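Each remark here refers to the structure printed beneath this line.
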Amino acid sequence: MTYLEEWALLDRDHSSSLLGAIEALKASTLRLPVVGGARADIQNVKDVVGSAVDVMQAMASSICSLLSKVKLLLFFLISFLVC
393 MTYLEEWALL DRDHSSSLLG AIEALKASTL RLPVVGGARA DIQNVKDVVG
443 SAVDVMQAMA SSICSLLSKV KLLLFFLISF LVC
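Numbering (my numbering), first residue to last: 393 to 475.
Below, the structure is given as structure tokens:
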């Protein structure tokens, strides 16, 4: 049952981290004026987007690792219940 509890915690943390990444990305890009000949620091926008992608890839790796453990646990639980 520990894996299922870990999954719930990971899901909550993932949602929180994803929301934080989305808000940071919005804060960096939505503040850019897009009218009146305004200019943006493209490198800064590129860095922010790259950072957000890095965070999401790290979260995906953690989720995939934990997901395989949860699948194994579910397999054993189903096998136990069928017997």
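Don't be surprised by glycine CBs; every beta carbon is placed ideally from N, CA and C. Being a predicted model, the structure only gives us computed values, none of them experimental.
If you check the CB distance, V445 and S420 do not come in under 9 Å.
For G442, the uninterrupted alpha helix (DSSP H) run begins and ends at I434 to V474, by DSSP.
Comparing C-alpha distances from S443 to each of D433, A416 and V462 shows the shortest one belongs to A416.
Shown here, G412 sits in a helix according to DSSP, grouped into three states. For R431, the secondary structure class from DSSP, reduced to helix, strand or coil, is coil.
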